[in-house]
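Some notes on the structure that comes next.
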Amino acid sequence: MADAEIEDMRKRMTHAAQMDAINRREGKPAMHKLKMLPEVVSLLNRNQYVNSLVDPEINLLEAVKFFLEPLDDGSLPAYNIQRDLLTALGKLPINKETLIASGIGKVVVFYTRSKRPEPGIKRMAERLLAEWTRPILQRSDDYSKRVYQEAEFDPTYGPPFSFALS
1 MADAEIEDMR
11 KRMTHAAQMD
21 AINRREGKPA
31 MHKLKMLPEV
41 VSLLNRNQYV
51 NSLVDPEINL
61 LEAVKFFLEP
71 LDDGSLPAYN
81 IQRDLLTALG
91 KLPINKETLI
101 ASGIGKVVVF
111 YTRSKRPEPG
121 IKRMAERLLA
131 EWTRPILQRS
141 DDYSKRVYQE
151 AEFDPTYGPP
161 FSFALS
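Okay, structure coming up:
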């Protein structure tokens with residue numbers, strides 16, 4: 001039941017992204033993604049579907065990536081789309097396999113590196129990126145467990161002498 005609903009939503013989201021791209025090329029307003037946004041956010045926030053939402057086989061996050069990607073003319077999607085989807089992504093338990101299958105990480109990296117997104121959106125993307133890369137790099141967010149590199153110090157050893165050329 002849940003998988004069928006998520007698969008249907010994925011197809012509709014992909015179609016909406018394609019329709020918006022076509023409308024932009026024709027000079028018409030691109031409203032399909034904005035109209036679907038409340039429905040998409042509602043689905044992403046459902047706790048009973050969490051495992052299905054991040055399943056690489058169903059790959060709903062690929063459709064979310066299509067919503068967040070810059071349009072063909074280089075313009076960013078509407079602020080509401082960016083804000084709501086990045087907030088919803090922060091609540092999902094996304095793992096390495098999901099990131100690879102969906103490609104959502106590449107779009108989030110774009111939002112962190114580009115100068116065009118609003119500062120709030122950029123901070124949300126940076127937070128997501130830090131949250132996702134920690135397990136991949138096997139780092140903890142607990143600073144009390146942090147391992148610091150220690151170096152030996154020999155007080156008798158000094159810097160090498162430098163000779164002034166006159």
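First residue of the sequence shown? That's 1 in full-length UniProt numbering, and the numbers climb one at a time after it. The beta-carbon is built from N, C-alpha and C at its ideal position, and this holds for glycine as well.
6 Å CB neighbourhood of residue i in its chain, flanking five on each side removed
i      : result
Met124 : Leu86
Ile6   : Ser52, Ile58, Leu60
Simplified DSSP assignment, three categories, for residue i
i      : result
Lys35  : helix
Val54  : coil
Gln48  : helix
Val147 : coil
Lys115 : coil
Phe110 : helix
Glu152 : coil
Gly105 : helix
Residue from the options whose Cα sits closest to the Cα of residue i
i      : options                      : result
Leu89  : Glu152, Trp132, Met31, Glu97 : Trp132
Met8   : Met36, Ala30, Asn23, Gly27   : The amino acid at residue 8 is misidentified as Met; the sequence shows Asp. Asp8 has its Cα closest to that of Met36, out of Met36, Ala30, Asn23, Gly27.
Ile94  : Arg134, Leu71, Ser75         : Arg134
Pro56  : Asp73, Gly27, Ile100, Ser42  : Ile100
Ala130 : Tyr148, Val108, Arg116       : Val108
Asn23  : Asn45, Pro38, Asp73          : Asp73
Local Cβ density within 10 Å of residue i, reported as buried at 16 or more and exposed below that
i      : result
Val40  : buried
Gly120 : exposed
Arg10  : buried
Met31  : exposed
Val147 : exposed
Lys115 : exposed
Other residues of its chain near residue i: CB distance less than 7 Å, five sequence neighbours each side excluded
i      : result
Lys33  : Ala16, Ala17, Asp20, Phe67, Pro77, Ile81
Lys122 : Tyr111, Thr112
Mind pulling the alpha helix (DSSP H) runs of 4 or more residues that sit fully within the stretch 1-35?
DSSP runs (the alpha helix (DSSP H)) wholly in the stretch 1-35: 2-25.
Complete beta strand (DSSP E) runs within the stretch 51-99 (minimum length 3 residues, chain order)
Correct list: empty.
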